[in-house]
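Scroll down for the structure; my scribbles are underneath it.
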Amino acid sequence: MFCDISCYKPDLDACMARVRAFFACAPNAPDALIITFPSVLTLRGPVLNQYDFETDIRSYLDDYLAYQAQLMEVRRGMEDDWIPSVVPYMGIGEFSAFVAGQIEFGDDTSWCKPVLQEKHELDALRLDPENKWFVRLNYVTGYMVQHIAPYRIPFGRGYYSPLDLAWALRGEAIYMDFYEDPDWVHKLLDFTTRATIWFARAQANEICAPQFAHELSTWYCSPNRVAVGEDISSLCSPTHYSEFGAPYTQRVFDSFGIGEVHCHSAGPHILPEFLKLKRMRQIQIVADPNTARPVEILANLMDKHPERFGRSSDFAVMAVDVTADEAVDYYDLCRRARVVFSVVTDEAEEAKDAVHMFRSRQSA
-4 MFCDISCYKP DLDACMARVR AFFACAPNAP DALIITFPSV LTLRGPVLNQ
46 YDFETDIRSY LDDYLAYQAQ LMEVRRGMED DWIPSVVPYM GIGEFSAFVA
96 GQIEFGDDTS WCKPVLQEKH ELDALRLDPE NKWFVRLNYV TGYMVQHIAP
146 YRIPFGRGYY SPLDLAWALR GEAIYMDFYE DPDWVHKLLD FTTRATIWFA
196 RAQANEICAP QFAHELSTWY CSPNRVAVGE DISSLCSPTH YSEFGAPYTQ
246 RVFDSFGIGE VHCHSAGPHI LPEFLKLKRM RQIQIVADPN TARPVEILAN
296 LMDKHPERFG RSSDFAVMAV DVTADEAVDY YDLCRRARVV FSVVTDEAEE
346 AKDAVHMFRS RQSA
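Note that our numbering has the sequence shown beginning at -4, numbered continuously upward.
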């Protein structure tokens, strides 16, 4: 199914050296990085609702690993700055079911219905190590790590931020709760912060299990680093995020050491709040339809808040979704910050062309 990571990435050592120098702000570091994702939108993975996750989860995991191996084969020989990895996927339901709720599966995603219909139900929530999905998700991660470790392929994953987890448990009612009962929201967020840390540490134990350790085990995940998604922030005001989001995400980052945020181009108004977080390693802005392009958002932010950007380790790396042309046209953003340009293409040849264009601009 898999082969050694060097089969997919013949320039592995050189790539690792570039990326390490970039994040360490070494004197010989490249100004920017490019990562490509060919075929992720055209090569379809397993259909989730065709599997019985209650009795035969291994069938799904085996098929999903085969799909991940296909994606790696498409990327074989790509001379970008991405270290091949395996990431889990069972839809968004998994991001809250480890606390409570039953996952419902569709073709290509999943979800959990909110469990906190009434506020008093919060008192009954527990961080239960016997929770079915807590146990199952730890098994899933351990199973995948076991199957990719012999090939030196790292495992990567992220988690809901405390605010996103609170939304998953409470549902749309949380937006009214901000106004009507902020004290209760803070109580909920205290719980979801503890839940996020608890689950992420359990997952890190599986990802970094000593029996499966190799030199790339902690490339994307480690006991000292955590990545969270801040999707719900797009629907919040900066004032609400600074009260109900930032303090709790900061607690997660402080607990681990360093953190990363995944957010969307639908929420450019919240990005200045992310830039205020401490221990921030990277902010990833992914593209949404009918919004400004992530590179445009980043350029505007740099103009409005120049004090929040720089090329030292005191400032977060900015990762942005781009087209191949945008990676070249907006290359000079890396003069003001460390930037990772992320290009999604339909075909591998398009990705290779994007890398060639980028390298030509980089060496100009």
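Just so it is clear, CB atoms sit at the ideal spot from N, CA and C, and this is done for glycine as well. In this text the structure is predicted, and so the values were computed from the model without any measurement.
Classify residue 38 as buried or exposed, calling it buried when 16 or more other Cβ atoms lie within 10 Å of its own Cβ. Within the sequence shown, the letter at position 43 stands for residue 38. A residue is called buried once 16 or more other Cβ atoms fall within 10 Å of its Cβ, and residue 38, having fewer, is exposed.
Which of helix, strand or coil does DSSP assign to residue 166? In the sequence shown, the residue the question calls residue 166 occupies position 171. Residue state, collapsed to three classes: helix.
Buried or exposed (CB count within 10 angstroms, at least 16 for buried), residue 257: Walking along the sequence shown from the start, residue 257 turns up at place 262. By the C-beta density criterion, residue 257 is buried, having at least 16 other C-beta atoms within 10 angstroms.
Taking residue 10 as part of the alpha helix (DSSP H), name the residues at either end of that continuous run. As a first step, residue 10 must be located in the sequence shown, where it is residue number 15. Run containing residue 10: 7 to 19, per the alpha helix (DSSP H) assignment.
Taking contact to mean 3 or more Cβ pairs, one atom from each stretch, closer than 8 Å, check whether the segment 303 to 323 and the segment 0 to 11 are in contact. No contact exists between the segment 303 to 323 and the segment 0 to 11.
Roughly how many angstroms lie between the CA atoms of residue 103 and residue 351, to the nearest whole one? Within the sequence shown, residue 103 is the residue found at index 108, counting from 1. Within the sequence shown, residue 351 is the residue found at index 356, counting from 1. One C-alpha to the other measures close to 33 Å.
Which of the three DSSP states is assigned to residue 194 in this structure? Taking the first residue of the sequence shown as 1, we reach residue 194 at position 199. Note: residue 194 maps to helix in three-state DSSP.
Pull up the CB-CB distance for residue 370 and residue 202, whole angstroms please, since I reckon it's below 8 Å. Beyond the ends of the chain as shown, which are -4 and 359, falls residue 370; an answer cannot be given.
Contact between the segment 45 to 53 and the segment 331 to 343 is defined here as three or more beta-carbon pairs at a separation below 8 Å; is this criterion met? The segment 45 to 53, when compared against the segment 331 to 343, does not touch it at the 8 Å Cβ threshold.
Range of the contiguous alpha helix (DSSP H) that encloses residue 244: Position 249 of the sequence shown, counting from 1, holds the residue named residue 244. That run of the alpha helix (DSSP H) goes 241 to 251.
Run through the DSSP bridge pairs and tell me what residue 277 is partnered with. Position 282 of the sequence shown, counting from 1, holds the residue named residue 277. Paired residue(s): 255, 312.
Start and end residues, alpha helix (DSSP H) containing residue 136: Locating residue 136 in the sequence shown gives position 141, where the first residue counts as 1. For residue 136, the uninterrupted alpha helix (DSSP H) segment begins and ends at 127 to 143.
So residue 220 is in the beta strand (DSSP E); what residue range does that whole segment cover? Your numbering for residue 220 matches position 225 in the sequence shown. 220 to 224 is the span of the beta strand (DSSP E), which, as asked, contains residue 220.
Residue 113, buried or exposed, once every other Cβ within 10 Å from all chains shown has been counted against 16: Translated into the one-based positions of the sequence shown, residue 113 becomes position 118. When all chains shown are included, residue 113 counts as exposed.
For residue 9, is the beta carbon positioned less than 6 Å from some heavy atom of the ligand COA? The model depicted lacks the ligand COA and carries no ligand whatsoever.
So the beta strand (DSSP E) residue 27 belongs to, where does it begin and stop? As a first step, residue 27 is located in the sequence shown; it is residue number 32 there, counting from the start. Boundaries of the beta strand (DSSP E) around residue 27: 27 to 33.
What does a CB cutoff of less than 6 Å around residue 143 pick up in its chain, not counting 5 residues either side in sequence? Walking along the sequence shown from the start, residue 143 turns up at place 148. For residue 143, where only same-chain residues beyond five positions count, the Cβ hits under 6 Å are 81.
Inter-residue CB distance, residue 76 and residue 148 (contact presumed, cutoff 8 Å): The residue you call residue 76 lines up with position 81 of the sequence shown. The residue you call residue 148 lines up with position 153 of the sequence shown. Distance from residue 76 to residue 148 at the Cβ level is roughly 17 Å; contact not present, criterion being Cβ atoms closer than 8 Å.
Where do the N-terminal and C-terminal ends of the beta strand (DSSP E) with residue 98 fall, by residue? One-based indexing of the sequence shown puts residue 98 at position 103. From DSSP, the beta strand (DSSP E) with residue 98 extends over 98 to 100.
Whose C-alpha, out of 254, 326, -2, is nearest the C-alpha of residue 61? Position 66 of the sequence shown, counting from 1, holds the residue named residue 61. Checked all of 254, 326, -2; the closest Cα to residue 61 is -2.
Helix, strand or coil: which one does DSSP assign to residue 155? Position 160 of the sequence shown, counted from the start, is the residue given in the question as residue 155. Residue 155 falls in the strand class under three-state DSSP.
If you follow the beta strand (DSSP E) that residue 338 is part of, which residue opens it and which one closes it? In the sequence shown, residue 338 corresponds to position 343, counting from 1. Where residue 338 is concerned, the enclosing beta strand (DSSP E) stretches over 334 to 340.
Which whole-angstrom value describes the C-beta separation of residue 219 and residue 252, a residue pair presumed to lie in contact below a C-beta threshold of 8 Å? As a working mapping, residue 219 is identified with position 224 in the sequence shown. As a working mapping, residue 252 is identified with position 257 in the sequence shown. At roughly 4 Å, the Cβ-Cβ gap stays under 8 Å, so residue 219 and residue 252 are in contact.
Selection from 73, 273, 85 that minimises the alpha carbon distance to residue 347: Within the sequence shown, numbered from 1, the residue matching residue 347 stands at position 352. Out of 73, 273, 85, 73 has the C-alpha closest to the C-alpha of residue 347.
What does a CB cutoff of less than 8 Å around residue 101 pick up in its chain, not counting 5 residues either side in sequence? The sequence position of residue 101 within the sequence shown is 106, counting from 1. Beyond the five residues adjoining it in sequence on each side, residue 101 comes within less than 8 Å, by CB distance, of 43, 44, 86 in the same chain, given in chain order.
Backbone CA spacing between residue 164 and residue 24 [nearest angstrom]: The residue you call residue 164 lines up with position 169 of the sequence shown. The residue you call residue 24 lines up with position 29 of the sequence shown. Straight-line measurement puts the Cα of residue 24 at about 43 Å from the Cα of residue 164.
Does DSSP put residue 54 in a helix, a strand or coil? The sequence position of residue 54 within the sequence shown is 59, counting from 1. The DSSP-derived three-state label of residue 54 is helix.
Residue 234: buried (16+ other C-beta within 10 angstroms of its C-beta) or exposed? As a working mapping, residue 234 is identified with position 239 in the sequence shown. Counting Cβ neighbours within 10 Å, residue 234 comes out exposed, since fewer than 16 surround it.
Cα separation between residue 328 and residue 56? Walking along the sequence shown from the start, residue 328 turns up at place 333. Walking along the sequence shown from the start, residue 56 turns up at place 61. For residue 328 and residue 56, the distance between alpha carbons rounds to 40 Å.
Assuming residue 239 and residue 158 are in contact, meaning their beta carbons sit under 8 Å apart, how far apart are those beta carbons, in whole angstroms? Residue numbering aside, residue 239 sits at position 244 when the sequence shown is read from its first letter. Residue numbering aside, residue 158 sits at position 163 when the sequence shown is read from its first letter. Contact holds; Cβ gap of about 6 Å.
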